Amino acid sequence: MAAERAPAVALVDLGAALVAGALWYVRPELGPLPLLLLAIGFVVRHFSDPPVEYELTALDAAVALFLVSAGIGLLIAYDWNVALEKFYVILGGVGIYGALVRVPWEIDLAGRAVKPVNLLLGVLPTAIAAYYVATADYSLQIGKLPFLDGVFQWIASWQPSLPGHKLHPNVAGGLIAALLPLQVLALAELAGTEIFAPGRTQGLSPHGGSAAGHGAKVPGFANQPAYRLGWRGSGIETVLVVISLLGLVLTASRGAWAALVLVTAVWALVSRIWPAQAGSAGGRLAAGMMGLLVVLLVAGLVAAPEAWAHAARDVGVGAGLAPAPAARDVVVGAGLAPAPELAHYAGQPGDREGRPYNQDDRGARAASFDYAPSGRSAQDANTQDGQDAEPPRGLGVVDGRAELLRDSLALAWDTAFTGIGLGGFQMAFSSYILLLHVGHTFHSHNLFLNVWLEQGLLGLFALVWLLGAALVAWRRVRRLGDRQDKAWAAAALAAIAVIVVHGMVDDAFYGSRGVLLLFVPFALLTRVQGDAVWSAYEPPTLTEVLLSRNGFIAAALLAFALLLGLTPPVRSQFQANLGSLSQTRAELSVYEWPTWPIQDALRRDTGAAGVANSPGGAPTLPGATPGIATAGGPVDLGAAIAHYKRALAIDPKNEVANRRLGQIALSQGDYPTAASLLSAAYYNDYTNRAARQLYGEILALEGQTEKAAAVWRTVDVSSGQLDARIWWYESIGEMEKAAAIRAARG
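Position in the sequence shown (first residue = 1) + 3 = my numbering.
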């Protein structure tokens, strides 16, 4: 006698969500049309039989808050088209989350039992792997792992030339690695005996579908065997997993490999090896130690460039040429040995065909602008997915990721409260941190930083809340669930752990269209929490929550945050945030290379005709459009400047306001004001990369050539930043300033 199964119409919801998500993934320019599919699926599921009985959880609230913060990121974005495309993909991911939560575990399809969740998760990683192998550009992989070069060349020899969206290796690797635990469990459950777990009651899960369809014990079926998993060594299950693993290997994504291996090792240590020796308490101790190890590793990566900055700061202190307050000045000991040059960024700009630059060509490339990507160009559907060209090899990867992380933190601090809007990282990072006139790096390669940068503090809070709610759900299922619920909760938590660990060094699930699948493991946790917990656990009312210990702690934290917001530094930083956001929207919504050769041209009034690249006039930036001065008027930075001035009125030491306002003054030719502001920015935060470069420029313009050169030795300018400054001063007819920059550059 079979358990109760839902009718086939219940599949419409999940199918509609998957189709809508796939359409937004491949063609985000379709706009709101796939929303109709989501609406149809939702309505059909809620009016189907059995009906959905739904209890909202903290996971649901966190996902909803994440979507709200993404909507705010859309509203404040400087490039609406790019932001809207990303918002639709996020919306598709939320739609898949809702459908996975609502769909029954078991469907009656033409008289046969079908488990849609198992089938989907059993096939999805394999489909991603197969698609990647068939479409990847293996020329990017040659040399990354020499022992695989022969395989890459062999695949490239027969690989078909398929159109459409292409997965970057790190994105494909991250997606496959995170979904593998779910695939293994889904296939193992399908291969096992059709059974029911003891200790459950028949009925509908609060989160959709029949509880009996997910291993519930139906009255009269006491003789059914207990829940167990199965595997057929030569079956289709093994084939699917092997293909997924081969695809993961061929991505050559070492970060994804490391994340999966680390999570697997921690799982084995915490749940199998250590408890067998030291009991459950020992397992908890092992989990804490492994978590601490990961935190220390990440902190070390962040601190490494900071240590280099401190070494640079102290270059001249030993010479006794500066008083203690000036110890931050890198340049007081002009002519002394420079600090170690900061490693080049992981992820270089590609040429016009999307090929990466050769790492041996840095010297020639530093003075060339011919192959830089366009300023506002959105990521093309036929290009690699949300990633940069392949990074340097070996230790350069670690150095580059650490420096990129620190500089991305600097950009996040500029708009710490609101973020810069969806899809806004690339040009904002280039314009205000790297001080380049073209896009350089697609994203920060860090999950948390990317969310903070694009969705502000609200989005970061939603992500942290989501992770915390996942841990709480997992603990509840461990305490109250049966073996099947615990297995799914463990697999979902493992997938989330891979996403987080890999997200420390790369970001397959937010920095690319892979955000479509970000909420899949959270949906599974929501399901099993509903199946296992709510039948034995009565959720507290809102009044009970507010009067509980956790409610008191939350209220205390909220009160502390409100009091903190009244302090001058926070109020000043909020004004600087508004100014940075206003400046970013004003400039980058207009700026496009080569229409505008450099961002300074937007800040200069129309009287500065020297900026024109007219024939016979000043030297032209390669690829720039002649007659640029007549292409349009400058942007209105009045609102941004007003916010910066308010920030400085509250806190004169605010580094963001000093640096941003100084950069504007420098572009407009107000050099005395720029010198005062940029000196203050440098002395209040000498670790900021942009502050160091801009301060070095002021020193050079003031004739302090050796000191400027010493400052610039602490900044990576190998992408041609100083050559752009020389061109700018020549283009506006200030040849002596161009000569000063050239002399300090050496």
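Built from N, CA and C at the ideal position, the CB exists for glycine as well.
As the structure is a prediction and not an experimental result, all values here were calculated from the model.
task = Taking V46 as part of the alpha helix (DSSP H), name the residues at either end of that continuous run.
result = L38 to H49
inquiry  = Please state the DSSP three-state secondary structure of D111.
reply    = strand
query = Of the choices R409, L170 and L263, whose alpha-carbon is the least far from that of R692?
reply = R409
Cα-Cα separation, S28 to M507 = A small correction: the amino acid at residue 28 is Tyr; Ser does not occupy that position in the sequence shown. Their backbone Cα atoms lie some 24 Å apart in a straight line.
ask   = Which residues share a DSSP beta bridge with A9?
value = I110
message = Can you look up V117 in the DSSP assignment and give me helix, strand or coil?
response = strand
query = Which residues in the same chain have their Cβ closer than 7 Å to the Cβ of I556, if we skip the five residues on either side of it in sequence?
reply = none
query = With 16 as the cutoff for other CB atoms within 10 Å, does S160 come out buried or exposed?
reply = exposed
query = Closest to A175 by CA distance: which of A194, A132 and Q162 is it?
reply = A132
key: Validate contact between the region 435–449 and the region 406–422 using beta carbons, cut 8 Å, 3 pairs   = yes
request  = Please check the pair A668 and N657, which I expect to be a contact at CB under 8 Å, by giving their CB distance rounded to whole angstroms.
outcome  = A668 to N657, Cβ: 15 Å. No contact.
inquiry  = Among N661, N580, I499 and L70, whose alpha-carbon lies nearest the alpha-carbon of T676?
reply    = N661
key: CA nearest to the CA of N580, picked from A61, R48, L124 and I79   = I79
query = Who are the Cβ neighbours of F69 in its own chain at under 6 Å, not counting the five residues just before and after it?
reply = A465
inquiry  = Rounded to whole angstroms, what is the Cα-Cα separation between L178 and F577?
reply    = 36 Å
ask   = Is F150 buried or exposed, if buried means 16 or more other CB atoms sit within 10 Å of its CB?
value = exposed
request  = From the DSSP output, in three-state form, read off K489 for me.
outcome  = helix
query = Which class does K169 belong to by DSSP, given the choice of helix, strand or coil?
reply = strand
query = By how many angstroms is the C-alpha of A558 removed from the C-alpha of S551?
reply = 11 Å
task = State the DSSP-derived secondary structure class of H646, mapped to helix, strand or coil.
result = helix
ask   = In angstroms, rounded to a whole number, what distance separates the CA positions of I601 and D688?
value = 26 Å
task = Hey, could you find the ends of the alpha helix (DSSP H) R482 is sitting in?
result = L450 to L483
ask   = Exposed or buried, what is R606 when buried is set at 16 or more other beta-carbons lying within 10 Å of its beta-carbon?
value = buried
query = Which ranges would you report for the beta strand (DSSP E) in the region 53–86 if only whole runs of at least 3 residues count?
reply = none
inquiry  = With a threshold of 8 Å, are at least 3 pairs of Cβ atoms found where one atom belongs to the region 238–246 and the other to the region 114–123?
reply    = no
ask   = What number of angstroms, rounded off, separates the C-alpha of E815 from the C-alpha of G422?
value = Outside the displayed range of the chain (4 to 749) lies residue 815, so it cannot be described from this structure.
task = Mind listing, in chain order, the continuous alpha helix (DSSP H) runs of no fewer than 4 residues lying wholly within the region 672–739?
result = 674–687, 692–704, 708–715 and 724–734
message = Please report the straight-line C-alpha distance between Y435 and D16, rounded to a whole angstrom.
response = 45 Å
ask   = If you count every other CB in all the chains shown that lies within 10 Å of the CB of A73, and 16 or more means buried, which is it?
value = buried
request  = Name the residue from V659, W491 and L565 whose alpha carbon lies nearest to the alpha carbon of R695.
outcome  = V659
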